[in-house]
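Worksheet: one structure, shown below.
Protein chains: 2
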Amino acid sequence: MLNRFADAHYMAAALALSERGRGQTGANPNVGCVIVKNGIILGRGWTQPGGRPHAEEMALAQAGASAKGADIYVTMEPCAHDSTRGPTCSVSIIAARPRRVIVATLDADERTRRRGIDRLGDAGIPVSVGIREWEARRAMAGFLCRLENSRPFVTLKLAMSLDGCIALADGSSQWITGERARAHAHLERARSDAILVGAGTARTDRPGLDVRLDGLADRSPQPVVLGNDKDRPEHWLQIDEPEAIAGLADINWLLVEGGAKTAASFLQAGLVDRLLLYRAPIIIGGGLPGIADIGLDKLSEAHGQWRRRERRDLGQDMLEIYDRAA
Amino acid sequence: MLNRFADAHYMAAALALSERGRGQTGANPNVGCVIVKNGIILGRGWTQPGGRPHAEEMALAQAGASAKGADIYVTMEPCAHDSTRGPTCSVSIIAARPRRVIVATLDADERTRRRGIDRLGDAGIPVSVGIREWEARRAMAGFLCRLENSRPFVTLKLAMSLDGCIALADGSSQWITGERARAHAHLERARSDAILVGAGTARTDRPGLDVRLDGLADRSPQPVVLGNDKDRPEHWLQIDEPEAIAGLADINWLLVEGGAKTAASFLQAGLVDRLLLYRAPIIIGGGLPGIADIGLDKLSEAHGQWRRRERRDLGQDMLEIYDRAA
């Protein structure tokens, strides 16, 4: 607690770096790390595609010998388990002899939880835990959800008119939202490990489900279809019910893109953690609704489930992000 | 143009006063007026219920003899036509001998337009026109619409879930939004001369359509029903089609409250000037849509029609106000 403002500041930088790895880190958390001495950032790291190198390893490599006496900010407790895939971060950090290590949140894996910080403590390195923990839990929600709930973190995306329609009655939906909102939606695909549509949407629209943004095409997520779609492309996965997402290996972040019945089935199963709502300033009137019946009996039951976390304009359109309230 | 910042500032005050008369001024515009000398506001006025006294008359009565040499800010050109109902404002202003008169917008009535400011000019009083004209046209849009389009200014109100539903599939809609949003919706009723629902809604819900806010019950608007509702209360008016709003006498501001078919019929007729959208952070799924078929053929035709003018939080809910783009 020498300098809480500095800690909050540098941890925010580490969290921003952690976002770079979202949807790319396989079974690993998307961690961010900065190494700071005398107000100068000596190393920046984030979990690399596939999970290695870890964020700390990347940042330590940049800082080199200057990490000695520095403060190391890392969004999740450094790993303590030995692996054939690379060095153990807590060991590397001890070898670098920093002044202090600041951690946003502990590892969610009960088998390794606290081991990383205990190792640092045993080596005589002061450790602070809990700086920006809430933001860190949001930034790495995919990994945390998989460990805590044995399934990916599920984001439901909808692009709607002001009156909540996702298409005209004849199904046409090109375009509801404008260019900037659509580009943002593709960025969200790039931040997802997998993307899911219902078999109806898959058969009717044959969506590409890839990332159509310059330089990010290689970040296209793994397509998954819910239900029976025999003509699906070879590399698509298929599941029969929303609960089967538990069996998707190494998927932290799952983006559900529709249609209305698929959205409803995930909502009804209680398997939606986040709503990503793009809303265009248009009225459709009598169009297709974004969400089919979810079996709601009373209005009172609908309240208190969602909390708005972000809101921004994207051109003429608006993006709102709601997280599950619980 | 002696002091454009001061002019903009005091005109904003006059516009805020003009809002007090909304929905209460009969055939008259809801004008606001402030009288200022040496940075001190000597008089404040707004069009009184039923249309008299006018805003200028009220402000001049407050200022008394001190209006001499003062600046008079008024949101619409002072009236120049003699009336048995009260004094003519341009005449009263000339008698008060102000230093200057600042007007936001000219009268929309071609028979009297420019006559008020010409009278002032002929009497040697400098007049500035056009300060905050855009805001003034919004603030007095009811009167202006009636004169320019021969019908009331129509606001369509919807209280919706995130997925655009206004009720469960069984019709229950108590409550979608929370207390603060509902109180705001009643304030909007108080700012309307008349309120309209479709015959279906009238028969099913038997809505009170009154203003249920402490101290504002006497500002309840005139109820109007669209379509056949034989059991309607005696004081309700009835029209057969949206276009018939042209025949509603002395109604500047009309609030349309539903249901979905009524909303659609006004939209399809091009008779909606403003959307008042209250949105609760709930998902209904498979509920009733807020707007029925409006005969939209192509998505491209839906774009460019609406522009967001306001957005605010009301408790957990959000209010957005869109005005017709044209």
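Line by line, the protein sequences give chains W and X.
Just so you know, the numbering used here puts 246 at position 246 of the first sequence, and the rest follows in order with no gaps.
Just so you know, the numbering used here puts 1249 at position 249 of the second sequence, and the rest follows in order with no gaps.
All residues carry an ideal CB built from backbone N, CA and C; glycine is no exception.
Residues of the region 1282-1293 of chain X that bring their beta carbon within less than 7 Å of a beta carbon in chain W comprise Ile-1282, Ile-1283, Ile-1284, Gly-1285, Gly-1286, Pro-1289, Gly-1290, Ile-1291, Ala-1292 and Asp-1293, in sequence order. In the DSSP annotation of this structure, W:Lys-157 is not part of any alpha helix (DSSP H); the continuous beta strand (DSSP E) holding it starts and ends at 153-160.
A distance of 8 Å or more separates the beta carbons of W:Ala-59 and W:Gly-69. Nearest neighbour of W:Ser-66 by Cα position, chosen from W:Ala-199, W:Ile-41, W:Ile-195 and W:Asp-229, turns out to be W:Ile-41. Runs of the alpha helix (DSSP H) spanning 4 or more residues and lying entirely within the region 126-212 of chain W occur at 133-139, 141-149, 179-190 and 199-205, in chain order. DSSP places W:Ser-83 within a strand segment (E or B) once states are collapsed to three. By DSSP's assignment, W:Lys-37 forms a beta bridge with W:Ile-40. The C-beta of W:Arg-206 comes no closer than 8 Å to any C-beta of chain X. With at least 16 other beta carbons inside 10 angstroms of its own, X:Glu-1057 counts as buried. DSSP places X:Ala-1263 in the helix class (H, G or I) of the three-state scheme. Where X:Arg-1111 is concerned, there is no enclosing alpha helix (DSSP H), because DSSP gives it neither an H nor an E. Within 10 angstroms of the beta-carbon of W:Thr-84 lie fewer than 16 other beta-carbons, which makes it exposed.
Exposed is the label assigned to X:Ala-1325, since fewer than 16 other Cβ atoms lie within 10 Å of its Cβ. Taking a contact as a CB-CB distance under 8 Å, the pair X:Glu-1320 and X:Arg-1311 counts as one, their CB atoms being some 5 Å apart.
Shown here for W:Ser-265: same chain residues with a beta carbon closer than 6 Å to its own, the five before and five after excluded, namely Pro-242 in chain order. X:Ser-1090 sits away from X:Gly-1050, with the two beta carbons spaced by 8 Å or more. Under the three-state reduction of DSSP, W:Pro-242 is assigned to helix. Look at X:Ile-1176: its C-beta is under 8 Å from a C-beta on chain W. In the displayed model, X:Ala-1104 falls within a strand according to three-state DSSP. Taking the C-beta atoms as reference points, W:Val-211 is found no nearer than 8 Å to W:Arg-203.
At a C-beta separation below 9 Å, W:Ala-159 has no neighbours in chain X, since its nearest C-beta there lies roughly 11 Å away. A straight line joining the alpha-carbon of X:Arg-1232 with that of X:His-1303 spans about 38 Å. With respect to chain W, the C-beta atom of X:Cys-1089 has no partner C-beta closer than 8 Å.
Taking the Cβ atoms as the reference, X:Pro-1098 lies roughly 6 Å from X:Ile-1125, within the contact range of under 8 Å. Against chain X, the beta carbon of W:Arg-307 has neighbours under 9 Å at Pro-1281 and Gln-1316, listed in chain order. For the set W:Arg-111, W:Arg-114 and W:Ala-104, the Cα lying nearest the Cα of W:Ala-136 is the one of W:Ala-104.
Annotation: X:Ala-1141 to X:Phe-1153 spans about 7 Å, alpha carbon to alpha carbon.
Here DSSP, grouped into helix, strand and coil, assigns W:Arg-279 to strand. Per DSSP, X:Val-1256 is one residue of the beta strand (DSSP E) stretching across 1253-1256.
Sequence-distant partners of W:Ile-239 (beyond 5 residues in either direction) whose C-beta falls short of 7 Å from its own C-beta, in its chain, are Val-224, Leu-226 and Ile-245. When the five nearest sequence neighbours on each side are left out, the beta carbons in the same chain lying within less than 6 Å of the beta carbon of X:Thr-1025 are those of Thr-1047 and Gly-1051, in order along the chain. With a cutoff of 8 Å on beta-carbon distance, W:Leu-216 and W:Ile-195 are scored as not near each other. Residue contact with chain X for W:Cys-165: present (Cβ-Cβ distance below 8 Å to some residue of chain X). Counting the other Cβ atoms within 10 Å of the Cβ of W:His-81 gives fewer than 16, which makes it exposed.
One alpha carbon belongs to X:Arg-1114, the other to X:Cys-1033, and they sit about 18 Å apart. Residue state for W:Ile-94 is assigned as helix, using DSSP reduced to three classes.
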